[in-house]
Structure formats: C-alpha cells, structure tokens
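Accompanying notes for the structure given below.
What follows is the structure, encoded as structure tokens:
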C-alpha cells in the first residue's frame, strides 16, 4: 500500500461565508494517499465547510488547498470531482432520475464515459451496494437507507481516488451502520483515501481511523483514533462524549486498566485476560 | 442571489419600518401608478431618485445597491428589447430618441423593483399578514401568503445545496448551448420540487398536530392601528399622485433630446 505521497494539502485556510460568518480560521493539514480520516466536532465547527474545500465547492478566502498537487482555485468542481467523490448528507438533495440505474449513470455520462463503460460501471456499483434488484425502481420509492446507498453508489461508480462521506451514519439502523463500516474499511484497504465527517463517536471508535477534531473553525487535535478519542480534554472541548468502552475503562482505572481502549473486542480480551489471571 | 437581499425583511427599526403596512401599500401603488403614467425619461428619473431619502431613512442603502446590481441583467434585457423593437419597427425616430425612450422604460422597471424593495424590506411578513387579515382576507389565505414568503430563504439555501451536490457529480451548469443549459437545470429542479412538496406535507402534519384551525375566530396579540402619521403618509402619497396626473395632462415635459438641441 502506498502511504507516502500527500494527496490533499490545506495551507492555513481561512473561509468567510458571504453573510460574514468565519467558518475556518487557519486550518492546515495533510492527508496522504490511502489514509482513512474521520473529521469530528460539534455542529458548526466547520467540518463540512472544510471538506467542501476538497472538491472545490468552496474556495478558501485566504490560504490555499491543493488536491493531488492542483490548487483548487484553478480548476472547476467537475474536474476535481473526477478525483474526489463527495457523498452529501441528504440523498434527497441529489436524486432526480426515473430509475436507480439512470441515477448512477448520471455522473458517468457527465464525465464523458462511453455507453459501454457506463453500463459496466452501473452494474458494478449496483452489485457492490446490493441494489441490483432495484435497478428499474424509481429512487423516490426506496426507503431512507436505500436512498442513501443509491447516492453512495452513484458516486462510487466513477471510482474516485478520494471518497468523502458527509455524516454517513445519520438515519441508518445498526445493521446498516455495521455494513457501512465494513464497506468503508474495504474501500480503504483497496487503496482509496476515505474521509468521513461525523459526530458519531461510537462509529469512529469501531473504525479506528486517523481522527481530526475541530472546534470553532480550528483543528484542536489530530492523530490516531486511540490517542484522540481517549484524550479527555480535547474530547470535552469538542463537545463530544468519550466512547462508551473508554468510559467503562476509565471507571476500571483503579484496577490498573489503561483507559485508552476503543473496541468492544479488545475490551473483551483485556477483561478475559485479567479474569483468567485471577486465581481464587 | 443578491436580488433577494434587497427584498428580504430585516429586523431593524426606522421610521419607515414603523409606518402601517396599509399606508405603505398605498404609497407603493401610487409609485406604480406614476411610473406607468409617465413614459418620458426626465420625470421617471426624478421619480427614481426621489426615493433616495426614503431608502436612506429606512437604512437600506447597502441592500439598495445590491438590488440595483442584481437587477442589471433584467434591466439590460429590457433596454435591448426596447432598442431593437423601436429601432426596427418604431418608424422614423432618431437614434437619440430611441435610446432615450429605451432608457426611460428601463428606469420604469427599476422604479418598480425599487418600490417593491422598499415595501417588502421594511414590512415584516407577520405585519403583512396581519394587515391583510384586518382588510378582511380569510386567515387561510393570509397564512399561505406569509408561509410562502417565509420559505423563500429556506428554499434558496436548499437550491444551493442541491447545486453543490450535483456539481460534485460532474454537472456543469454553464456548459453547452441554450437548450443544453436549460436541460442542465433538471437535476436541480426535481430534487428541489420533491423536497418542497415533502416539506409542505410535513408542515401540514405539524400544524394539524398543533390544532391549526381549531377555533374559527382567531384573536391576535397585536392589532394594527392607523396613527396620525400614517394618515399623513397616505394623504401625502395621494397629493403626489394628483400633482403627477395634473403635470402629465396639462404640462408638456421636454425630452432630453430636445433640451440638447436647444442648448
């Protein structure tokens, strides 16, 4: 796996909305090829604003953003989108076609793929997200979770190098969340750079990606999930709550457990190990 | 979206904001009538600039500038359409006269936009609905009217999000010939309409669950009362209208072209 070259680079980015709200106040970060990053923080911390810069939907007021070495101010959104797939929070903001099939083909046709490739890619994406049975169904007839999958399929179809998911877990049941997690990890293992924006800390704790915490348009912590999500000070500052497993292990701290634990499986192992060690 | 800025109500206080909506409505009607009454450039320009004091009192200078900038596109269309039609089908007019007449028509349009802006930017939707109700319009209609106004900014924001979402899927709005460009808007309009319908259903359910329309006779916390200054405002508006009618029919107004020839 290539984990060396920088794919996205933000240099001291400031962004002020036309209504005067300063959403980003000097954000600098590098995301390498093949990384899996979760951007977290409370509502209005600037998470979505930041990732919108990565597809050029917003251009920095000050500073610059480089995607694959290209300054986002010099290219159109459509050109960037070829490399950066952005799945919006609400699928209803993009679904418009008569059939699921057409919906997925829309972006492919925009990018000028030939009809044969379009058909292949549509089949591939339908299969990937388990939507083949809905091929001819209207996207408006599907359930919320299915619509979200159609939106995801329509972006994955053109196989972008970078995948950005804005609040992917909202409105998904536990089973779908679990599937989504496997799916994201699989995508990442296949070499895609994945960026998720979320405040679902349990979901992130299970994935264990690199975590970036944002507060008021600034990055306050950036590092391994294990370090950042168990950093009580930073988590509190970002108005988040520690993952439940971490909270449990904080309570067990006086028994000599470290609280830097995230996963359920890992927790189980630690406890079993301790129990086996105890001889009555 | 700058054109909407000038039409959106902002909660600030000024003497103009405090005038009764009905009085303001009469004033706007008078402005409309005068704008239609005259078709020469000089009186229309006078009318256009005579609104300036009101705009300054209402603290709308910035919005006014934005509104004018936003209207430039339509103003240009009106100007060109008038030029073309008058030049080719207008008979034996000189070019100067054609330009002057086209400018007059454009100014007329700007007056209409400007007076609309003064009315809507200084009248809160609630007051508007209240005044409609007091004129005797059924509450259902007043409510529909205020809701429509309320949801304009929400819809504008949603349209922006949808545009972003489709651009991120490679949609290029500015590409292709005219028909292609119109077609480009389909992926934006459909989600917008669908979500507007969905929202209206949700709104209806939310309102019903809060017993909307349970009592036939509604009372309201505020009631509008015409004060002396409102009557003065109405009387002044009507006097201006009468004077304009007199000027229009009994005094001949020179055109700019004629004035230049004299000089």
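Residue numbers (this note's numbering), protein chains in the order written: chain A, 1 to 280; chain B, 1001 to 1263.
Ideal Cβ placement from N, Cα and C applies to all residues, glycine included.
Small disclaimer: the values here were computed from a predicted structure and weren't measured.
Just curious, the alpha helix (DSSP H) that residue i is in, first and last residue?
{"i": "residue 1052 of chain B", "result": "1052 to 1057"}
{"i": "residue 179 of chain A", "result": "174 to 189"}
{"i": "residue 45 of chain A", "result": "No alpha helix (DSSP H) contains residue 45 of chain A, which DSSP labels as neither H nor E."}
{"i": "residue 1194 of chain B", "result": "1186 to 1209"}
Take the Cβ of residue i as the centre, count every other Cβ of all protein chains shown within 10 Å, and call the residue buried at 16 or more, exposed below.
{"i": "residue 1101 of chain B", "result": "buried"}
{"i": "residue 1 of chain A", "result": "Only weak support exists for where residue 1 of chain A lies, its pLDDT of 44 falling under 50; the coordinates are left without a value."}
{"i": "residue 3 of chain A", "result": "Any reading at residue 3 of chain A is ruled out, since the residue's pLDDT is 48, under 50, leaving its predicted position unreliable."}
{"i": "residue 1163 of chain B", "result": "buried"}
{"i": "residue 20 of chain A", "result": "exposed"}
{"i": "residue 1212 of chain B", "result": "exposed"}
{"i": "residue 1001 of chain B", "result": "At residue 1001 of chain B, the pLDDT of 47 sits below 50, so the modelled position is not reliable and the matter cannot be decided from this model."}
{"i": "residue 1023 of chain B", "result": "buried"}
{"i": "residue 1115 of chain B", "result": "buried"}
{"i": "residue 207 of chain A", "result": "buried"}
{"i": "residue 1148 of chain B", "result": "exposed"}
{"i": "residue 1261 of chain B", "result": "exposed"}
{"i": "residue 1011 of chain B", "result": "exposed"}
{"i": "residue 1081 of chain B", "result": "exposed"}
{"i": "residue 1235 of chain B", "result": "exposed"}
{"i": "residue 256 of chain A", "result": "exposed"}
{"i": "residue 43 of chain A", "result": "exposed"}
{"i": "residue 188 of chain A", "result": "buried"}
{"i": "residue 1142 of chain B", "result": "buried"}
Taking the beta strand (DSSP E) that residue i belongs to, which residues open and close that run?
{"i": "residue 28 of chain A", "result": "22 to 32"}
{"i": "residue 15 of chain A", "result": "6 to 16"}
{"i": "residue 1275 of chain B", "result": "The question about residue 1275 of chain B has no answer, for chain B in this structure spans 1001 to 1263."}
{"i": "residue 75 of chain A", "result": "It is not in any beta strand (DSSP E) - residue 75 of chain A carries neither H nor E in the DSSP assignment."}
{"i": "residue 214 of chain A", "result": "210 to 215"}
{"i": "residue 64 of chain A", "result": "62 to 67"}
{"i": "residue 197 of chain A", "result": "193 to 197"}
Assuming residue i contacts residue j under a Cβ cut-off of 8 angstroms, what Cβ separation, rounded to an integer in Å, is found between them?
{"i": "residue 1037 of chain B", "j": "residue 1244 of chain B", "result": "6 angstroms"}
{"i": "residue 118 of chain A", "j": "residue 108 of chain A", "result": "5 angstroms"}
{"i": "residue 1178 of chain B", "j": "residue 1019 of chain B", "result": "Not really, about 45 angstroms apart at Cβ, beyond 8 angstroms."}
{"i": "residue 38 of chain A", "j": "residue 160 of chain A", "result": "Contact doesn't hold; Cβ gap of about 18 angstroms is too wide."}
{"i": "residue 1251 of chain B", "j": "residue 1040 of chain B", "result": "Not quite, the Cβ-Cβ distance comes to about 11 angstroms (not below 8 angstroms), so this is no contact."}
{"i": "residue 1176 of chain B", "j": "residue 111 of chain A", "result": "Actually they do not touch by this definition, with Cβ atoms about 15 angstroms apart."}
{"i": "residue 85 of chain A", "j": "residue 163 of chain A", "result": "5 angstroms"}
{"i": "residue 1241 of chain B", "j": "residue 1196 of chain B", "result": "Not quite, the Cβ-Cβ distance comes to about 39 angstroms (not below 8 angstroms), so this is no contact."}
{"i": "residue 1088 of chain B", "j": "residue 1106 of chain B", "result": "With a Cβ gap of about 18 angstroms, residue 1088 of chain B and residue 1106 of chain B do not count as contacting."}
{"i": "residue 103 of chain A", "j": "residue 28 of chain A", "result": "Wrong, their Cβ atoms sit about 37 angstroms apart, outside the cutoff."}
{"i": "residue 59 of chain A", "j": "residue 73 of chain A", "result": "5 angstroms"}
{"i": "residue 12 of chain A", "j": "residue 56 of chain A", "result": "Between residue 56 of chain A and residue 12 of chain A the Cβ distance is about 18 angstroms, and since that is not below 8 angstroms, they are no contact."}
{"i": "residue 341 of chain A", "j": "residue 138 of chain A", "result": "Nothing can be reported for residue 341 of chain A, as the shown portion of chain A is limited to 1 through 280."}
{"i": "residue 262 of chain A", "j": "residue 226 of chain A", "result": "6 angstroms"}
Using a beta-carbon distance below 7 angstroms, is residue i in contact with chain C?
{"i": "residue 257 of chain A", "result": "Looking at the structure shown, chain C is missing, and the protein chains on hand are A and B."}
| said: Could you tell me which whole alpha helix (DSSP H) segments of length 4 or greater appear in the segment 80 to 117 of chain A? | reply: 100 to 110
| Whole runs of the alpha helix (DSSP H) within the segment 1060 to 1137 of chain B, excluding any shorter than 4 residues | 1061 to 1089, 1095 to 1122, 1125 to 1135
| field | Those runs of the alpha helix (DSSP H) which lie wholly inside the segment 1019 to 1054 of chain B and span at least 4 residues | value | 1021 to 1037, 1041 to 1050
| field | chain A contacts made by the segment 1047 to 1069 of chain B, where a contact means CB separation under 8 angstroms | value | none
| field | chain B contacts made by the segment 63 to 77 of chain A, where a contact means CB separation under 8 angstroms | value | 76, 77
| In the segment 1167 to 1184 of chain B, which residues sit with their C-beta less than 8 angstroms from some C-beta in chain A, listed in chain order? | 1167, 1168, 1169, 1170, 1171, 1172
| query | Taking a cut of 9 angstroms between CB atoms, which residues from the segment 133 to 162 of chain A lie near chain B? | reply | 140, 151, 154, 155, 158
| query | Curious, which full-length alpha helix (DSSP H) runs of at least 4 residues does the segment 1212 to 1250 of chain B contain? | reply | 1228 to 1250
| Short-range partners of chain A found in the segment 1191 to 1204 of chain B, where Cβ spacing is below 8 angstroms | 1191, 1194, 1195, 1198
| query | What residues from the segment 1229 to 1247 of chain B come within 8 angstroms of chain A, judged by C-beta to C-beta, listed N to C? | reply | none
| Ordered list of beta strand (DSSP E) runs contained in the segment 207 to 268 of chain A, each at least 3 residues | 210 to 215, 218 to 224
| field | alpha helix (DSSP H) runs contained entirely in the segment 134 to 177 of chain A, provided each spans 4 or more residues | value | 144 to 156
| request: Output, in sequence order along the chain, the residues in the segment 163 to 191 of chain A whose CB is closer than 8 angstroms to any CB in chain B. | output: none
| message | Can you pull out the residues from the segment 1146 to 1165 of chain B whose beta carbon lies closer than 7 angstroms to at least one beta carbon of chain A? | response | 1161, 1162, 1164, 1165
| When you check each C-beta in the segment 15 to 27 of chain A against every C-beta of chain B, which residues fall closer than 8 angstroms? | none
| said: Output needed in chain order: residues of the segment 43 to 61 of chain A with a Cβ under 8 angstroms from some Cβ in chain B. | reply: 52, 55, 57
| field | Interface residues of the segment 89 to 122 of chain A facing chain B [CB-CB below 7 angstroms] | value | 92, 93, 94, 95, 96, 106, 107, 110, 111
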